[in-house]
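To start, the structure itself, in structure tokens.
Numbering (our numbering), first residue to last: 641 to 734.
As structure tokens, then:
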């Protein structure tokens with residue numbers, strides 16, 4: 641139960657940079673949206689794989705892969721936040 645809460649919070653927080661990006665860019669059409677969805681899936685895939693693997697394979701010891709997958713996803717989320725803040729500042733300075 642606790643793992644599902646962390647996963648859900650991680651995926652929700654990961655959406656926020658993409659919302660900031662879409663609010664502050666003037667790009668119209670389907671291609672930027674498709675590109676952003678693809679990037680979202682790429683960033684979210686390590687943690688989703690780690691959680692599915694953790695549910696299927698019952699480890700007797702600590703699951704280091706699960707921790708690393710969360711760490712990688714959180715790191716990429718921070719990178720996405722920094723990029724979205726860059727676009728926000730760039731758009732506000734115009």
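C-beta: ideal position from N, C-alpha, C; glycine also.
Checklist entry - Which of helix, strand or coil does DSSP assign to residue 685? => result helix
Checklist entry - Applying the criterion that 16 or more other CB atoms from any shown protein chain within 10 Å of the CB defines a buried residue, is residue 676 buried or exposed? => result buried
Item to check | Nearest-angstrom Cα separation, counted from residue 692 out to residue 698 | outcome: 11 Å
Item to check | Pair within 8 Å by beta-carbon distance, residue 709 and residue 661 | outcome: no
Checklist entry - Roughly how many angstroms separate the alpha carbons of residue 712 and residue 669, rounded to a whole number? => result 30 Å
Next on the checklist: Starting from residue 655, trace the alpha helix (DSSP H) in both directions and tell me its first and last residue.
Outcome noted: 642-663
Next on the checklist: Here's the rule: buried if 16 or more other CB atoms are within 10 angstroms of the residue's CB, otherwise exposed. What is residue 672?
Outcome noted: exposed
Checklist entry - Among 721, 666, 665 and 730, which has the Cα closest to the Cα of residue 652? => result 721
Next on the checklist: Is the separation between the beta-carbon of residue 717 and that of residue 647 shorter than 8 Å?
Outcome noted: no
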